[in-house]
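A quick write-up on the structure given underneath.
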């Protein structure tokens, strides 16, 4: 085998390896961008069904279409209550099993002023969880916020997905949540006296 032939084979092998690694990188990139959480847009049929339930789905329900990372086995959900900027108590933490049906994630809330309670419901096609929390007597002016745009997600990273917040007459301040802007969460917690924050982590 001549030196010229060996050189040509070397160049060919390098070219093949380069193409292989480029394709793997491209595939990995596609897999990462496919993992996402985005606000669920209701169909006309869904809106009609929700209308007869007397539920204010535009204010009391946050629903997401979810594409989990390929290797994820569970969506670990955590809810924490903050008062005057400090975490007071974890309301809930637990894993929702990821299956082929795990393509929708919903969080709802209801205020019971008579008993000073806040009731949350966390659900997907496989699981439905009820969470009850105490409500501060001075808390009023409730608002429910979540993600407004499609957000890319990765494994083993905590993402905010919903927050119920209220004030004591001073006025509430918040911006839509973002999975890659931690300052928004800090602002939400520090600017509002009462915050119930929900996060999700894919494991």
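In the numbering used here, the protein residues as written are 465 to 667.
Glycine is no exception: its CB is placed at the ideal position from the N, C-alpha and C atoms.
Secondary structure of residue i, DSSP reduced to three states
i: residue 498; result: helix
i: residue 536; result: coil
i: residue 648; result: helix
i: residue 552; result: strand
i: residue 523; result: coil
Whether residue i touches residue j by CB criterion (8 Å)
i: residue 504; j: residue 528; result: yes
i: residue 640; j: residue 547; result: no
i: residue 549; j: residue 649; result: no
i: residue 536; j: residue 666; result: yes
i: residue 580; j: residue 599; result: yes
i: residue 582; j: residue 575; result: yes
i: residue 501; j: residue 638; result: no
Per DSSP, the bridge partner or partners of residue i
i: residue 503; result: 528
i: residue 595; result: 584
i: residue 542; result: 557, 663
i: residue 627; result: 609, 661
i: residue 603; result: Answer by DSSP bridge pairing: none, since residue 603 is not bridged.
i: residue 643; result: In DSSP, residue 643 forms no bridge with anything.
i: residue 619; result: 666
ask   = Is the stretch 596–608 touching the stretch 566–583 in the sense that three or more CB pairs, one from each, lie closer than 8 Å?
value = yes
message = Tell me whether the stretch 528–545 and the stretch 648–665 touch, counting them as touching only if at least three CB pairs, one residue from each stretch, are closer than 8 Å.
response = yes
task = Give a yes or no on contact between the stretch 586–594 and the stretch 553–567, applying the rule of three or more CB pairs nearer than 8 Å.
result = yes
ask   = Of all the beta strand (DSSP E) runs that stay within the bounds of the stretch 560–586, which reach a length of 3 or more residues?
value = 568–576
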